[in-house]
Amino acid sequence: MIIRREKPADRPEIFALIEQVFPEPVEAKLLRELFASREYLPELSIVAESESGEILGHVISTRGWVGESPALGLGPIGVLSAYQQQGVGSALMQASIDTANAAGEPVVLLLGSTDYYPRFGFVPADSVGIISPDPSWGSHFMALPLAGFHTGIRGHFKYAEPFNNL
Ligand SMILES: CC(C)(COP(=O)(O)OP(=O)(O)OC[C@H]1O[C@@H](n2cnc3c(N)ncnc32)[C@H](O)[C@@H]1OP(=O)(O)O)[C@@H](O)C(=O)NCCC(=O)NCCS
């Protein structure tokens with residue numbers, strides 16, 4: 001398996017993957033809008049590809065904001081069901097984190113399972129002073145402070161615009 005940046009030719013396979021992984025059309029629609037948005041960051045749309053060239057998983061992070069400070073919103077992430085539980089999701093998460101760190105991004109935010117994301121260092125966002133877009137998300141709204149994080153990065157998180165159309 002290799003982990004690499006998305007290429008334009010991958011798009012049909014990425015959409016097919018997301019439609020397989022998520023039974024509702026919400027994530028595929030969101031992904032289409034994220035790809036077309038101003039907040040799209042090409043280096044943070046990452047695929048896992050098998051030796052035979054099949055796309056096994058995809059993850060995207062897009063530009064968001066904590067108050068006036070740039071930040072990243074991660075998601076959606078999906079791995080083909082036949083390849084789940086084999087480390088593909090972890091490899092995609094680690095590549096996203098490493099790329100974000102190398103780019104000097106200060107923090108990654110996501111909404112997700114408190115059983116999965118803490119293994120990558122995610123903590124409840126409110127514990128580092130970042131306020132969720134929706135208070136009902138509670139501890140499922142998580143933050144990963146990166147090397148460039150500082151305590152001046154505090155306040156309400158705003159996702160890329162397409163998240164407002166969910
Ligand atoms: C979540 C997902 C990306 C993880 O990818 P993966 O390749 O299966 O993950 P890995 O093999 O790296 O890690 C497997 C571990 O994650 C845990 N895990 C996987 N999905 C989980 C979920 N939805 N909730 C909690 N834990 C989960 C497994 O229990 C396993 O834990 P263990 O290591 O303690 O046994 C993948 O399962 C998936 O596509 N799920 C459906 C889509 C989804 O829910 N996406 C997240 C919301 S955007």
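full-length UniProt numbering puts the first residue of the sequence shown at 1, with every later residue one more than the last.
Backbone N, C-alpha and C fix where the C-beta goes; we use that ideal spot for every residue, glycine too.
Here the structure is a predicted model, which is why all the values come from computation and not from measurement.
If you compare alpha carbons, which of Met1, Gly73, Ser52, Phe15 is closest to Thr62?
Gly73
Grab me the residues of Ala100's own chain with a C-beta within less than 8 Å of its C-beta, minus the 5 sequence neighbours each way, in chain order.
Leu44, Ser61, Leu72, Val108, Leu146
Whole angstroms is fine: what's the gap from Ala143's alpha carbon to Ala36's?
25 Å
Could you round the C-beta distance between Gly57 and Gly78 to whole angstroms and report it? I think they count as a contact, below 8 Å.
6 Å
With a threshold of 6 Å on Cβ separation, who are the neighbours of Ser69 within its own chain once the five nearest residues in sequence on each side are excluded?
Ile153
For chain C, find out if any of its Cβ atoms is closer than 9 Å to the Cβ of Thr99; answer yes or no.
Among the chains in the structure shown there is no chain C, since it carries only a single protein chain.
Between which two residues does the alpha helix (DSSP H) holding Ala29 run?
Note on identity: in this sequence residue 29 is Lys, with Ala being the wrong assignment. Run containing Lys29: 26–35, per the alpha helix (DSSP H) assignment.
DSSP state of Arg11, grouped into three classes?
helix
What number of angstroms, rounded off, separates the C-alpha of His20 from the C-alpha of Ala102?
Sequence inspection shows Gln at residue 20; the His mentioned does not correspond to that position. Looking at the two C-alpha atoms, the distance is approximately 32 Å.
Please classify Pro106: does DSSP put it in a helix, a strand, or coil?
coil
Quick one: what's got a C-beta closer than 6 Å to Gly104's C-beta in the same chain, skipping five residues either side?
Gly148
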